[in-house]
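Input: a single structure, listed below in structure tokens.
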Amino acid sequence: MKLERLTSGMAIPWGGDKAAIVGPALAAAFQAGDSLIVVQESGDLLHVPAAVAAVARTAIDRAQAAFFALAEVSDIQISDFFERFAGLLSSEAVWAKIAAANVTDLERARAAGRSTVRLEAMPDMRVQMIAGLRTWRDAPGVRGRTLEIVQHDGWRLELEAAPLGVIGFVFEGRPNVFADAAGVIRGGNTAVFRIGSDALGTARAIAAEALYPALKEAGLPEGTAVLVESAERASGWAIFADPRLALAVARGSGPAVAQLGAVARQAGTPASLHGTGGAWLIADASADAARMAAAAAHSLDRKVCNTLNVCCIVRERAGELVPALVEAVWGVGETLGHGARLHVAARDMRWIPQRRLQARVRAFRAGGEHDEPFVETHESLDLSHEWEWEATPELWLTVVDDLDQAIVLFNRQSPQFIASLIAEDGETQRRFYDRIDAPFVGDGFTRWVDGQYALGRPELGLSNWQAGRLFARGGVLAGDGIYTVRARMRQSDPALKR
């Protein structure tokens with residue numbers, strides 16, 4: 003029996019013993035042929051119009067057909083694709099068209115009062131995209147790589163890396179994700195991706211002017227990488243609800259990514275989620291003040307997932323280290339041109355230098371500039387909150403009793419993502435590493451957490467441990483890390499039997 007209509011007030015069961023109530027807007031919008039996804043983890047009712055579902059289904063049809071066709075494509079052809087894609091992005095004529103589309107996206111986003119900090123196709127982004135594609139060009143092929151051989155009398159077992167299948171991506175509005183997502187092709191996988199509506203025009207231009215021509219010129223199947231050209235959020239739900247996906251990858255805001263992951267999991271698809279960021283920097287009693295200040299400043303140059311969000315300073319050194327941090331943050335604000343903001347508990351205000359207590363800044367936000375205090379006082383701190391900013395860095399500052407308290411706070415309130423300890427004592431660093439529940443741990447600035455910067459491989463995303471530790475892989479997901487294992491038996495003794 004198919005669901006043909008919804009009525010306002012209708013109860014929809016979820017989670018086994020709960021019900022979500024259909025609202026009047028959903029009831030009015032739902033038509034025969036549409037789909038309703040009931041998220042069993044939250045009770046969210048997600049409406050997917052039939053036309054949107056058809057666009058997503060067609061894209062996955064094409065990618066699935068291309069996946070099997072790729073088996074006949076050589077690794078040399080795949081390398082040629084990456085070089086052609088990079089070459090087209092290097093073309094001034096091609097980039098001019100992409101840049102023009104990006105300007106239109108930026109204007110539309112600004113008019114809507116939306117953030118553009120990650121949307122702009124900057125020159126350095128172009129350089130990184132080209133470098134990332136050429137990294138995949140030169141990377142060894144994954145397909146058919148022998149992982150293990152088990153020798154037996156009369157036969158042997160060979161374990162080989164093999165392509166996984168169709169990889170579904172839902173990305174926020176960052177144009178460079180094309181180079182990231184294309185990495186899955188190195189291993190013989192295909193990609194279906196949806197990018198946020200703010201960046202859809204830029205995405206269309208990159209696909210039309212560079213991605214699709216490169217696929218054709220290299221002789222790869224046309225469905226090897228497919229952009230779902232829909233501005234509807236429902237298209238992302240439709241992609242992740244399709245059980246033909248081998249892996250679902252989502253990057254963006256925390257709640258949206260969590261919802262997408264739940265949709266994928268209940269469709270039986272494993273999900274790799276990259277939605278909650280915000281790094282922590284902890285200064286211990288043995289911290290060098292100059293080292294701490296530099297680490298903080300160099301972790302605040304722009305707002306991305308590995309940007310400093312919380313700084314913990316032990317009480318024993320607060321008199322020296324808090325002023326050093328305050329001046330470092332103030333300096334970053336001056337460098338970026340729109341000030342900075344510190345959020346501090348009332349009990350810790352005594353450590354803030356008097357000359358900064360009453361200081362004010364012209365904070366830049368999506369809606370324009372605002373006159374705001376440099377230091378904002380809070381009766382209590384919600385250290386789990388990630389500050390989102392445009393050009394005015396914001397972070398929490400808290401004074402803790404000791405390193406143990408900082409570790410407990412991180413393990414309980416952070417997204418369990420990035421932790422950095424400024425301490426000159428080696429034994430303290432070892433104990434910190436053993437006890438902190440984070441996949442990325444360092445002793446300096448936090449912005450090192452990036453696949454291309456740290457590993458030389460464009461990342462598909464960075465996973466935290468907020469929803470549990472990852473099985474059998476690290477927190478950096480890159481294109482050459484997406485594969486399965488096939489077993490091949492080679493029999494040399496024809497009389498072999500059990």
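Here the sequence shown is numbered in my numbering, starting from 3 and rising by one per residue.
The C-beta atom is built at its ideal place from N, Cα and C for all residues, glycine as well.
Candidates Ala102, Gly280, Ala266, of which the one nearest Ser274 by Cα: Ala266
Spatial neighbours of Ala21 in its chain, beta-carbon cut-off 7 Å, leaving aside the 5 residues before and after: Cβ-Cβ distances below 7 Å link Ala21 to Ala13, Ile14, Pro15 in the same chain, with the five nearest sequence neighbours on each side left out; the list follows chain order.
Backbone CA spacing between Ala326 and Thr278 [nearest angstrom]: 28 Å
Own chain partners of Gly189 with C-beta closer than 8 Å, once the 5 adjacent residues on each side are dropped: Gly143, Val144, Arg145, Ala163, Pro165, Leu166, Gly481, Asp482, Ile484, Tyr485
For Pro245 and Ala269, believed in contact at Cβ under 8 Å, the rounded distance: 5 Å
Phe412 vs Ala421 beta-carbon contact at 8 Å: In contact: Phe412 and Ala421 (Cβ atoms closer than 8 Å).
Status (buried if at least 16 other CB within 10 Å, exposed otherwise) for Ser416: Around the CB of Ser416, 16 or more other CB atoms lie within 10 Å, so the residue is classed as buried.
Cβ-heavy atom distance, Ala330 to the ligand PLP, below 7 Å: You won't find the ligand PLP in this model; it holds no ligand whatsoever.
Proximity to Arg136 [Cα-Cα], best of Arg500, Ala88, Leu121, Arg437: Just measuring C-alpha positions, the residue of Arg500, Ala88, Leu121, Arg437 sitting nearest Arg136 is Ala88.
Rounded Cβ spacing between Ala236 and Leu48 (contact assumed at less than 8 Å): 7 Å
Beta-bridge partners of Asp373, as assigned by DSSP: Arg364
Secondary structure, alpha helix (DSSP H): runs of 4+ residues fully inside the region 446-478: DSSP runs (the alpha helix (DSSP H)) wholly in the region 446-478: none.
Cβ of His154 within 8 Å of any chain D Cβ: Protein chains in the displayed structure number just one, and chain D is not present.
Residues sharing a beta bridge with Arg235, DSSP: Partner(s): none; Arg235 has no beta bridge.
Anticipated Cβ contact below 8 Å, Phe195 with Trp138, distance rounded: That pair is no contact at about 16 Å.
4-residue-minimum alpha helix (DSSP H) runs that sit fully inside the region 202-227, ordered along the chain: 202-208, 214-220
Coil, strand or helix - Arg188 by DSSP: Helix.
Secondary structure of Val172, DSSP reduced to three states: strand
Whole beta strand (DSSP E) elements within the region 282-337, 3-residue minimum: List check, beta strand (DSSP E) in window: 310-316.
6 Å Cβ shell around Ala348 - same chain, five flanking residues per side excluded: Thr379, Glu381
Presumed contact (8 Å Cβ cut-off) between Leu213 and Phe171, rounded CB distance: 13 Å between Cβ atoms; not a contact.
Three-state class that DSSP yields for Met351 in the structure shown: When secondary structure is reduced to three states using DSSP, Met351 falls in the helix class.
Ser429, DSSP secondary structure in three states: Rather than Ser, the amino acid found at residue 429 in this sequence is Glu. Correct three-state label for Glu429: helix.
Nonlocal neighbours in the same chain, by C-beta distance under 6 Å from Ala65, ignoring five residues either side: If we look at Ala65 and ignore the five residues flanking it on each side, its Cβ neighbours are Val168, Thr192, Val194, Gly225, Val228.
7 Å CB neighbourhood of Asp82 in its chain, flanking five on each side removed: Ala220
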